[in-house]
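Worksheet for the structure shown next.
Residue numbers (my numbering): 12 to 469.
Okay, here's the thing in structure tokens:
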């Protein structure tokens, strides 16, 4: 069935690649990947992560793009139409709802953290970290930043406004124009940071050895499951973003080649981020396993004691902000497309409605670090930041794995071979059968394993 998106199309396959890569590349690549690599022993973890990208990430991304392009609508209406087309229960639309709601909830707290990176551009540029002590940098983050809701609210508001402006302009004038500027700039900034890391001499070689010399004795079963989870989540799967971006993809573009390009670019950014960050950590005698504080405490301390630290510290947080921005526009897009399709709203009106509601929910995350903070335990781990942590756990640990699992199940078990073969353009040979086997059996089992581990069941 030939369908056409009412929202427009990407002008080229490369525009889609940049947009989808921008969606995938975010805080998870530059903030999370380096510190979980440090926590799980380095090289062996990286090898397992790369294997999981191939076995889990790429097949599910192909499935999600395929569903999006075939449906040509918001994830909710796409899943409804594809279920009916396949002769199955239209309640599959709730899979679309799951993705759209997950992206909406993620953006509400993602915007708060992205606001931190904006704030740290100015803090670094004004030399706040120059000569600061470890206690001073930690106090700056915890006592003079997180403890002040009005400061967090300002940066959260600014970041959401930036996101709303881009999405309101539409597919070509907004999303495509933004990623055509942001993504090349992001890669350039990252290469500049890598070049700076190369100037660290012995520390640079130490960082490379840490990342790429496998030490399997340092890798636990929990580390393997963490690698599987990171491989899945880093590609923005299960949250509606890739599906709605796929709905704007030309029918002549190859989904398989496009997916491999996106996965390679996303993985490359994560690896380059590690190559840039670990030499700085080693050069300043810090621990690579510093955890989430690596970016906002350890690195500012390092930048404050190195030649050119003001410049390169500022560039790093610009890089972090750009990565967050390209992801945030993809998180807002699915709910905007649904509002336009369902209520016949103008795009700018739909974007304002969605953006304001997201901003309001984000206020709860702002106060989670100060006035509304409370502790609770999840899977044996004590969480301290109330609503922020609840939303993070609900989306990352529950909604996204379920979304990815059911995308794989629908694509392989409910969608006809003819429809998926036609959309993927792989013929009926070994490549198609390999994809179908992975999505039908291997990928769901792996996602289920990650899901049960994150819930603390295994």
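Even for Gly, the Cβ is constructed at its ideal location relative to N, Cα and C.
Three-state secondary structure assigned by DSSP to residue 15: The answer is coil: DSSP assigns residue 15 none of H, G, I, E or B.
Same chain only: Cβ atoms within 6 angstroms of residue 416, ignoring 5 sequence neighbours per side: 455, 458
C-beta contact flag for residue 166 and residue 307 at 8 angstroms: Contact annotation: residue 166 and residue 307 have beta-carbon atoms that are not nearer than 8 angstroms.
Contact under 8 angstroms by Cβ, residue 37 with residue 335: yes
Within the region 381-443, ranges of the beta strand (DSSP E) (whole runs, at least 3 residues): 387-389, 392-394
Residue 148 versus residue 288: straight-line alpha-carbon distance, rounded: 18 angstroms
Touching by the beta-carbon criterion (3+ pairs, under 8 angstroms), the region 68-82 and the region 327-343: no
Residue 56 versus residue 359 - alpha carbon distance: Residue 359 has its alpha-carbon roughly 44 angstroms from the corresponding atom of residue 56.
Cα-Cα separation between residue 277 and residue 294, rounded to whole angstroms: 26 angstroms
Which listed residue (370, 393, 403) has its alpha carbon closest to that of residue 171: With distances taken between Cα atoms, residue 171 lies closest to 370.
Beta carbon of residue 110 nearer than 8 angstroms to that of residue 226: no
Three-state class that DSSP yields for residue 472 in the structure shown: Only positions 12 to 469 of the chain appear in this structure, which leaves residue 472 out of reach.
Residues of its chain near residue 432, where Cβ-Cβ distance is below 8 angstroms and the 5 sequence neighbours each way are ignored: 438, 439, 443
Minimum C-alpha distance to residue 377 - residue among 254, 114, 124: 124
Of the residues 24, 99, 117, 357, the one placed nearest residue 425, counting alpha carbons only: 99
Backbone CA spacing between residue 448 and residue 233 [nearest angstrom]: 26 angstroms
Span separating the alpha-carbon of residue 88 from that of residue 46: 38 angstroms
Residue interval of the alpha helix (DSSP H) (run including residue 277): 266-294
Span of the alpha helix (DSSP H), counted from its first residue to its last, around residue 149: 145-152
is_contact[residue 43, chain C] using C-beta, thresh 8 angstroms: Note that chain C does not occur in the displayed structure, where there is just one protein chain.
4 or more residues per run - each alpha helix (DSSP H) lying fully within the region 294-375: Runs found: 310-314, 320-354.
Span of the alpha helix (DSSP H) around residue 241: 232-244
Buried or exposed by the 16-neighbour rule on C-beta atoms within 10 Å, applied to residue 263: exposed
Nearest candidate by alpha-carbon position, reference residue 216, set 174, 236, 286: 286
Inter-stretch contact (C-beta, 8 angstroms, three-pair minimum) for the region 26-34 and the region 253-270: yes
Residue 458: CB within 7 angstroms of a non-hydrogen atom of the ligand PLP: Of the ligands one can find in the structure shown there are none, so the ligand PLP has no counterpart to examine.
Rounded separation between residue 462 and residue 406 - CA only: Going by the C-alpha atoms only, they are around 12 angstroms apart.
Whole-angstrom distance between residue 318 and residue 251, CA atom to CA atom: When rounded, the distance between both Cα atoms is 43 angstroms.
Contact set for residue 238: own chain, Cβ-Cβ below 6 angstroms, skip 5 residues either direction: 56, 59, 60, 63
Whole-number beta carbon distance between residue 194 and residue 33, since they are thought to touch under 8 angstroms: 5 angstroms
Reference residue 35; option with closest CA among 245, 281, 429, 326: 245
Simplified DSSP assignment, three categories, for residue 92: DSSP places residue 92 in the helix class (H, G or I) of the three-state scheme.
Helix, strand or coil at residue 192 [DSSP, three-state]: helix
Three or more C-beta pairs below 8 angstroms linking the region 392-404 and the region 199-211: As far as the Cβ criterion goes, the region 392-404 does not touch the region 199-211, which means the pair count is below three.
Reduced DSSP category for residue 217 - H, G, I as helix; E, B as strand; rest coil: helix
Residue of 368, 41, 435, 150 minimising C-alpha distance to residue 200: 41
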